[in-house]
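Undergrad: In this note's numbering, the protein residues as written are 27 to 325.
Backbone N, C-alpha and C define an ideal beta-carbon position, used for all residues, glycine too.
Keep in mind the model is a prediction, meaning the values are calculated, not measured.
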Ligand SMILES: [Zn+2]
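Here it is as C-alpha cells:
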C-alpha cells in the first residue's frame, strides 16, 4: 500500500478514460479520448492519457490500474474474450504493454471488478468485509469482494448476467433465460416494446415515463428489480455476502427498481437468517476509473 496517488484507466467500447486519484479517493485530474481500433493502438492511447492526467495533476503516480471491458486473465493481464465491438482486443497483453509504455507497475481487471473495488474502497460498501457488485448497464455484469479482496476465480467469477433461470427470452450470448434478459438496459427497452409500450424508446426515457405513471414502464423496471432480487438471493445462498452494491446506467432508476427487489428478498429470506443490505452505487460514472486506481494501490 502506498500514500502516493495512483492512476486508473477505464477502457470501454467508445472511450478510454484515465484519472489520477489520491489515497483518499479524490480525482486530481483526468483525461478522455475516443477508443481507437486495435489492441496496441488502445494501449498507446491509454498510456498517453495516463501521461496527460499525471502532468495536469502535477504529481507522481505509484502504479496504474486498468479496468477493461471483456474477460481479463488477472494473472497474465491478457484479454481472453471481448464483444465484437472491440476489434483486435482479444489476446492483447494489457499489463506488459502498458507497463512498457508508462514505466510503471500495472494491474488489470475487468471493468465491473474495478467498479466493485472502487465502491468497496471509497463508496457504498466501504469498509465491508464481503460484498457482491452488480452493474446494470447495456448488459449485466457482476463481481465479488470476499474477505477484503477481489475474488476472480479463473478470471470471470461473479459474472451473474449469464446466470440461468429467468424465463425463456433469448440472451445476447445466444442462450435463453439469463438474468441479462430482464435486468439490462437493452432488455428493459426490448420488453417495453414487446409489452405494448413502444419500440425504439431508450432506458432513460422509459425511466421518465415510469415516473409519470406509464404502467408498462413501471412494470418492466419492477421486473428488472425483481430479477436482480432473485440473483441477490442466489449470491447470498452461495456466499453469504451481507452486502450488495448495484451500479450501472439503469441503477439511476433505483427508486423504481428497489421496491420489487426488496419484495423479492422479503418473500424468500435467506435460510441463514442473515440480513442482506442492497445499496445503490455512489461513485457514478467514475466508478470504474476510480476503482482501477484503488486496485493499483494494492500492488
Ligand atoms: Zn446470456
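Write down the C-beta distance between residue 302 and residue 251 rounded to the nearest angstrom, noting that I regard them as a contact closer than 8 Å.
TA: Actually they do not touch by this definition, with Cβ atoms about 14 Å apart.
Undergrad: Using a Cβ-Cβ cutoff of less than 6 Å, which residues in the same chain neighbour residue 139 once the five nearest sequence positions on both sides are dropped?
TA: 169, 176, listed in sequence order.
Undergrad: So, with DSSP's three-state summary, where would you put residue 204?
TA: Residue state, collapsed to three classes: coil.
Undergrad: Identify whether residue 301 lies in helix, strand or coil by the three-state DSSP scheme.
TA: If DSSP states are grouped into helix, strand and coil, residue 301 belongs with coil.
Undergrad: Is any non-hydrogen atom of ligand 1 found closer than 8 Å to the C-beta of residue 206, if you look at the structure I gave you?
TA: Correct: residue 206 has its Cβ closer than 8 Å to ligand 1.
Undergrad: Mapping the DSSP letters down to three states, classify residue 213 as helix, strand or coil.
TA: Here residue 213 sits in helix by DSSP.
Undergrad: When we look at the beta-carbon of residue 194 and count the other beta-carbons within 10 Å, is it buried (16 or more) or exposed?
TA: Exposed.
Undergrad: Would you kindly work out how many angstroms separate the C-alpha atoms of residue 218 and residue 236, rounded to a whole number?
TA: Cα-Cα distance, rounded: 11 Å.
Undergrad: Can we say the region 43 to 52 touches the region 63 to 70, given the rule of at least three CB pairs closer than 8 Å?
TA: No, they do not touch.
Undergrad: For residue 71 versus residue 130, is the C-beta distance shorter than 9 Å?
TA: Their beta carbons are not under 9 Å apart, which means residue 71 does not touch residue 130 by this criterion.
Undergrad: What's the gap between the Cα of residue 330 and the Cα of residue 85?
TA: The structure shown does not extend to residue 330, since the chain spans only 27 to 325, so no value can be given for it.
Undergrad: Here's the rule I'm using: 16 or more other beta-carbon atoms within 10 Å means buried, otherwise exposed. How should residue 238 be labelled?
TA: It is exposed - the Cβ of residue 238 has fewer than 16 other Cβ atoms within 10 Å.
Undergrad: Cβ of residue 164 versus every heavy atom of ligand 1: is any distance shorter than 8 Å?
TA: No, since every heavy atom of ligand 1 falls outside the 8 Å radius drawn around the Cβ of residue 164.
Undergrad: Let me make sure I understand the geometry here. Which of 162, 174, 135, 134 has the alpha-carbon closest to that of residue 151?
TA: Minimum Cα distance to residue 151 is reached at 174.
Undergrad: Decide yes or no for the touch test of the region 269 to 289 against the region 183 to 191: beta carbon pairs closer than 8 Å, at least 3 of them.
TA: No, the region 269 to 289 does not touch the region 183 to 191.
Undergrad: What's the call for residue 36, buried or exposed, on a 16-neighbour Cβ count within 10 Å?
TA: With 16 or more other Cβ atoms within 10 Å, it is buried.
Undergrad: What does the Cβ neighbour count give for residue 93, buried or exposed, with the cut at 16 atoms within 10 Å?
TA: That one is buried.
Undergrad: Quick one, are the C-beta atoms of residue 307 and residue 114 less than 9 Å apart?
TA: Going by C-beta atoms, residue 307 is not nearer than 9 Å to residue 114.
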